[in-house]
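Chemist: Please see the structure below; I have some questions.
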Amino acid sequence: MRVLVVDDDVQIIRAMRINLRARGHEVDTAEGGAGALRLATENRPDLVLLDLGLPDMEGLEVIRRLRGWTQVPIIVLSARHSAGEKVRCLDSGADDYVTKPFGMDELLARMRAAERRSASEEAAPEVATAAFTVDLSAKRVLRDGEEVRVTPTEWHILELLAQHPGHLVSQRRLLQEVWGPAYQSETNYLRVYMAQLRRKLEPDPAHPRFLITEAGRGYRLETDG
Numbered sequence: 001m002r003v004l005v006v007d008d009d010v011q012i013i014r015a016m017r018i019n020l021r022a023r024g025h026e027v028d029t030a031e032g033g034a035g036a037l038r039l040a041t042e043n044r045p046d047l048v049l050l051d052l053g054l055p056d057m058e059g060l061e062v063i064r065r066l067r068g069w070t071q072v073p074i075i076v077l078s079a080r081h082s083a084g085e086k087v088r089c090l091d092s093g094a095d096d097y098v099t100k101p102f103g104m105d106e107l108l109a110r111m112r113a114a115e116r117r118s119a120s121e122e123a124a125p126e127v128a129t130a131a132f133t134v135d136l137s138a139k140r141v142l143r144d145g146e147e148v149r150v151t152p153t154e155w156h157i158l159e160l161l162a163q164h165p166g167h168l169v170s171q172r173r174l175l176q177e178v179w180g181p182a183y184q185s186e187t188n189y190l191r192v193y194m195a196q197l198r199r200k201l202e203p204d205p206a207h208p209r210f211l212i213t214e215a216g217r218g219y220r221l222e223t224d225g
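Position 225 of the sequence shown, counted from 1, bears residue number 225 in full-length UniProt numbering, the numbering being contiguous throughout.
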């Protein structure tokens with residue numbers, strides 16, 4: 001499989017490259033978060049090995065940005081031993097947390113386990129319609145080449161729809177993931193925010209072509225309108 005190794009320690013990168021290639025894996029490497037996100041978008045790795053202490057951004061931010069558009073397995077490799085740090089990483093979307101130093105055999109076993117658990121389908125980094133583009137990696141929406149200002153709640157709804165273009169996303173799932181389990185019956189919230197998104201993104205908000213309602217069931221994002 002193709003592995004992206006992200007660490008600012010060149011000795012660790014070199015050792016990981018040698019060990020992983022010796023076992024038949026393709027290896028990409030990055031010493032910072034920005035480079036890691038670019039390589040993930042361009043090369044679509046099968047697994048990411050990520051250090052937390054990067055020079056340009058925290059590893060937690062890299063995890064959050066990756067999770068905006070991909071379910072690629074992420075294993076954190078870090079010298080930080082605190083339980084709180086591990087919880088934050090796992091809650092942000094990491095699949096596993098391995099403390100340094102570690103044995104190569106253990107890491108390879110964890111990689112195999114993470115690969116088995118990985119999702120079979122992933123969203124594209126960008127979802128384009130005839131009217132607007134949702135950039136899941138950069139977490140922004142473009143219309144006519146200009147960025148559209150959306151609120152965090154509007155973005156969260158749009159992000160969930162864009163991760164499954166052409167497919168129904170249920171009211172229950174949207175409410176639970178955006179507002180939490182206590183709001184699963186508050187369908188009026190969705191109506192209000194979907195109306196706001198249509199005003200910002202649809203050519204004719206009264207007759208939406210891309211942000212579609214399936215009455216009583218949920219919503220979907222159509223790309224061809």
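Even for Gly, the Cβ is constructed at its ideal location relative to N, Cα and C.
E115 and M1: beta carbons closer than 8 Å?
Modeler: yes
Chemist: Excluding the five sequence neighbours on either side, which residues of its own chain have a C-beta within less than 7 Å of the C-beta of G166, listed in chain order?
Modeler: For G166, the CB contacts under 7 Å within the same chain, skipping 5 residues up- and downstream, are R220, E222 and T223 in chain order.
Chemist: Going along the chain, which unbroken runs of the alpha helix (DSSP H) with 4 or more residues stay wholly within the UniProt DNA-binding region "OmpR/PhoB-type" (124-223)?
Modeler: 152-162, 171-178 and 187-201
Chemist: Can you tell which of R149, T129, A34 and L77 has its C-alpha closest to the C-alpha of S137?
Modeler: Nearest C-alpha to S137: A34.
Chemist: Under DSSP, the alpha helix (DSSP H) around E85 begins and ends at which residues?
Modeler: A83 to S92
Chemist: Given a cut-off of 8 Å, decide if V62 and residue 229 are closer than it, judged by their beta-carbon atoms.
Modeler: Missing from the structure shown is residue 229; the chain here goes from 1 to 225 and no further.
Chemist: Is it the case that the CB of R17 approaches a heavy atom of the ligand COA more closely than 7 Å?
Modeler: Within the structure as shown, the ligand COA is missing, as the structure has no ligands at all.
Chemist: How far does the beta strand (DSSP E) with L47 in it extend, from its first residue to its last?
Modeler: First-last of the beta strand (DSSP E) with L47: L47 to L50.
Chemist: Which residue marks the beginning of the beta strand (DSSP E) containing L4, and which one marks its end?
Modeler: R2 to V6
Chemist: Whose C-alpha, out of P203, Q171 and R198, is nearest the C-alpha of N188?
Modeler: Q171
Chemist: Out of curiosity, what's the CA-to-CA distance linking H25 and N43?
Modeler: 14 Å
Chemist: How many angstroms separate the CA atom of E146 from the CA atom of L201?
Modeler: 12 Å
Chemist: Starting from A114 and walking both ways along the alpha helix (DSSP H), at which residues does that stretch end?
Modeler: In this chain, the alpha helix (DSSP H) harbouring A114 covers M104 to R117.
Chemist: Assess, as a yes-or-no matter, whether the stretch 127-142 is touched by the stretch 207-216 under the definition of 3 or more beta carbon pairs within less than 8 Å.
Modeler: yes
Chemist: Taking its Cβ as the centre, do 16 or more other Cβ atoms sit within 10 Å of R198, making it buried, or is it exposed?
Modeler: With a threshold of 16 other beta carbon atoms within 10 Å, R198 meets it and is buried.
Chemist: Can you tell me whether G68 is buried or exposed? The criterion is at least 16 other CB atoms within 10 Å of its CB, across all chains shown.
Modeler: G68 is buried by the Cβ-count criterion.
Chemist: Distance check for L175 and P181, CA to CA, integer angstroms please.
Modeler: If you take the alpha carbons of P181 and L175, they lie about 7 Å apart.
Chemist: Compute the distance between the beta-carbons of V141 and L158, then report whether it is under 8 Å.
Modeler: yes
Chemist: Let me check one thing: in DSSP terms, what residues is L77 bridge-paired to?
Modeler: Beta-bridge partners of L77 (DSSP): V98.
Chemist: For E42, which three-state DSSP category applies?
Modeler: helix
Chemist: Buried or exposed: P101, going by 16 or more other Cβ atoms within 10 Å of its Cβ?
Modeler: exposed
Chemist: If you follow the alpha helix (DSSP H) that E26 is in, where does it begin and where does it stop?
Modeler: For E26, there is no enclosing alpha helix (DSSP H); the enclosing beta strand (DSSP E) has its first and last residue at E26 to A30.
Chemist: Which class does G35 belong to by DSSP, given the choice of helix, strand or coil?
Modeler: helix
Chemist: Mapping DSSP to helix, strand and coil, what is G59?
Modeler: In this structure, G59 counts as helix in the three-state DSSP scheme.
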